[in-house]
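Engineer: Residue 56 in the numbering used here sits at position 70 of the sequence shown; the count goes up by one each step and never skips. Please read through the structure below; I'll follow up with questions.
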Amino acid sequence: MTEENYAFILLCDEKWWNKLCEHNRKNQNKTHSFVRRNLRGPLKAEKLLFYVKSPVKQIRGTADFVERVAGDSEKLWRKYGSETCLENFKEYQGFLHGSEKATFIRFKNFRELENPIPAKTMKKVLGVLKVPRGGKYINRETTEQLAV
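Next up, the structure:
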């Protein structure tokens, strides 16, 4: 892994952020999975930063990246579904909107930030107001400037 790909910013809706936090409280010290439709997400990173989209517009949490597993959505659910904040296969299918491919971004040591990082700070450090929908790699220095 290069220093350029030290951390990856993942975007999520407030609804899924809240479910992820609840799931973590019930399953602390375990590996979790963040589900993405289709085949996308980080290939390599040390850290994940969770950016909660509008209206929140803050980095609200961090975790240690384990791996990205992508492929057939049903096979992935059978193997990793219990690591997600989704309650059952039906909810998972609804989330995927019919996509036969999915990506599970596996991580551990998830924590909510006591002092979330606002979009204003992100703009100052990253030089962009919006994080791309697919996420964004950032280097170690930038991660440290965000004070994560």
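Virtual Cβ for every residue (Gly too), placed ideally from N, Cα, C.
1) First and last residue of the beta strand (DSSP E) that includes Tyr123?
2) Could you tell me whether any non-hydrogen atom of the ligand ZN is closer than 7 Å to the CB of Ala105?
3) Could you check where the beta strand (DSSP E) with His9 kicks off and where it finishes?
4) Does the beta-carbon of Lys115 have 16 or more other beta-carbons within 10 angstroms, so that it is buried, or is it exposed?
5) Taking contact to mean 3 or more Cβ pairs, one atom from each stretch, closer than 8 Å, check whether the region 88 to 95 and the region 46 to 60 are in contact.
6) To test your reading of the DSSP string, which unbroken beta strand (DSSP E) runs of 3 or more residues are found completely within the region 26 to 87?
7) Is it buried or exposed for Leu25, if we count other Cβ within 10 angstroms and need 16 for buried?
8) Between the alpha carbons of Arg64 and Lys5, how many angstroms are there, rounded?
Structural biologist: According to the structure data:
1) For Tyr123, the enclosing beta strand (DSSP E) begins and ends at 122 to 124.
2) For the ligand ZN, the structure offers nothing, since it holds no ligand at all.
3) Following the DSSP letters along the chain, one finds His9 in no beta strand (DSSP E) but inside the alpha helix (DSSP H) bounded by residues 0 to 12.
4) For clarity, residue 115 is Leu in the given sequence; the question names Lys instead. Exposure of Leu115 is indicated by the presence of fewer than 16 other C-beta atoms within 10 angstroms of its C-beta.
5) Yes: at least three Cβ pairs fall under 8 Å.
6) Taking only runs of at least 3 residues, the beta strand (DSSP E) segments lying wholly in the region 26 to 87 are 33 to 38, 44 to 58.
7) Classification for Leu25: exposed.
8) Arg64 and Lys5: Cα-Cα distance of roughly 20 Å.
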